[in-house]
Amino acid sequence: MPEPTLLFVIGPPAVGKMAVGHEIAERTGFPLFHNHMAIEPVLRFFEFGTPPFRRLVEGFRQALFEEVANSDLAGMIFTYVWAFDLPPSTESADRYATVFRARGSRVHYVELEATQPERLRRNEHEWRLSQKPSKRDLTRSRELLLRHDAEHRFNSTDEFAGNPDHLRVDNTTRTPAEVAELVITHFGLPRAAQPARNSAQ
1 MPEPTLLFVI
11 GPPAVGKMAV
21 GHEIAERTGF
31 PLFHNHMAIE
41 PVLRFFEFGT
51 PPFRRLVEGF
61 RQALFEEVAN
71 SDLAGMIFTY
81 VWAFDLPPST
91 ESADRYATVF
101 RARGSRVHYV
111 ELEATQPERL
121 RRNEHEWRLS
131 QKPSKRDLTR
141 SRELLLRHDA
151 EHRFNSTDEF
161 AGNPDHLRVD
171 NTTRTPAEVA
181 ELVITHFGLP
191 RAAQPARNSA
201 Q
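Residue numbers (the UniProt record's numbering): 1 to 201.
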């Protein structure tokens with residue numbers, strides 16, 4: 001049986017990573033581990049960015065990656081806000097990928113980009129808010145998105161140059177389902193026998 005595939009879905013906040021990941025999961029059967037599945041429980045106890053917050057989130061992610069990489073699962077989808085200007089962000093992404101590569105697994109990167117106005121619109125989408133309680137203060141969430149855009153770089157420049165396992169998609173006008181089909185075709189991902197059809201908008 002082939003080793004599990006790790007599919008990163010990366011891009012700036014509110015670009016649609018979770019929605020795209022959900023559509024890929026529906027079609028491939030790969031479980032989706034979206035970023036806030038680790039973040040939201042920890043926020044009940046510790047403030048974002050504090051040392052205990054980081055330790056708990058990183059520890060859970062690392063443990064989950066190791067278990068999946070050593071399992072009989074076909075693959076896993078992970079959504080990640082990768083700040084390319086921050087070395088720790090790159091170090092974390094590399095560490096997660098190394099767990100899979102050490103087993104001989106495939107690691108793919110889907111990078112999404114969209115205009116800021118479109119991302120601000122998506123930032124208030126009902127499904128996003130239902131999955132990410134910390135984003136429900138819309139005023140604060142909007143302020144953070146704008147501030148982080150000004151302070152950090154969430155799309156690559158030459159980091160993936162020549163890497164055949166990287167696909168960049170402008171999904172400003174594409175639906176999550178359209179992007180999912182593009183990704184599956186591009187990387188030749190296996191399809192589930194009977195994919196569910198509960199599409200995210």
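Glycine included, every Cβ here is placed at the ideal spot set by N, Cα and C.
Q: Say yes only if the C-beta of residue 84 is nearer than 7 Å to one or more non-hydrogen atoms of the ligand GTP, and no if none qualify.
A: As for the ligand GTP, it is missing from this structure, which has no ligand bound.
Q.
Could you compute how far the alpha carbon of residue 198 sits from the alpha carbon of residue 56?
A. The residue you call residue 198 lines up with position 198 of the sequence shown. The residue you call residue 56 lines up with position 56 of the sequence shown. Note that residue 198 has pLDDT 46, beneath the 50 cutoff, so the model's placement of it is unreliable and the number below is only indicative. When rounded, the distance between both Cα atoms is 32 Å.
Q: Please report the Cβ distance between residue 13 and residue 119, rounded to the nearest whole angstrom; I am assuming they are in contact, meaning their Cβ atoms lie under 8 Å.
A: If you number the sequence shown from 1, residue 13 lands on position 13. If you number the sequence shown from 1, residue 119 lands on position 119. Confirmed, Cβ separation roughly 7 Å.
Q | For residue 170, the first and last residue of its enclosing beta strand (DSSP E) | A | Translated into the one-based positions of the sequence shown, residue 170 becomes position 170. That run of the beta strand (DSSP E) goes 166-170.
**Q.** Beta bridge counterpart(s) of residue 32 as assigned by DSSP
**A.** Locating residue 32 in the sequence shown gives position 32, counting from the first residue. Paired residues: 77.
Q. Can you give the Cα-Cα distance for residue 145 and residue 115, rounded to whole angstroms?
A. Mapped onto the sequence shown, residue 145 falls at position 145. Mapped onto the sequence shown, residue 115 falls at position 115. In a straight line, the C-alpha of residue 145 is about 12 Å away from that of residue 115.
Q. Is it the case that the Cβ atoms of residue 165 and residue 108 are separated by a distance below 8 Å?
A. As a position in the sequence shown, residue 165 is number 165, starting the count at 1. As a position in the sequence shown, residue 108 is number 108, starting the count at 1. Closer than 8 Å, so yes.
Q.
If you measure between the beta carbons of residue 110 and residue 167, is that distance less than 8 Å?
A. Working through the sequence shown from its first residue, we reach residue 110 at position 110. Working through the sequence shown from its first residue, we reach residue 167 at position 167. Yes, these two residues count as a Cβ contact at 8 Å.
Q. Identify the residues that DSSP records as bridge partners of residue 111: which are they?
A. Looking up residue 111 in the sequence shown gives position 111. Per DSSP, 10 and 168.
(Q) Taking the straight line between their C-alpha atoms, what separation do you get for residue 94 and residue 126? (A) Position 94 of the sequence shown, counting from 1, holds the residue named residue 94. Position 126 of the sequence shown, counting from 1, holds the residue named residue 126. Approximately 32 Å between the Cα atoms of the pair.
Q: Can you tell me which of 32, 16, 191 and 46 puts its alpha carbon nearest to the alpha carbon of residue 124?
A: Counted from its first residue, the sequence shown places residue 124 at position 124. Comparing alpha-carbon positions, the option among 32, 16, 191 and 46 lying closest to residue 124 turns out to be 16.
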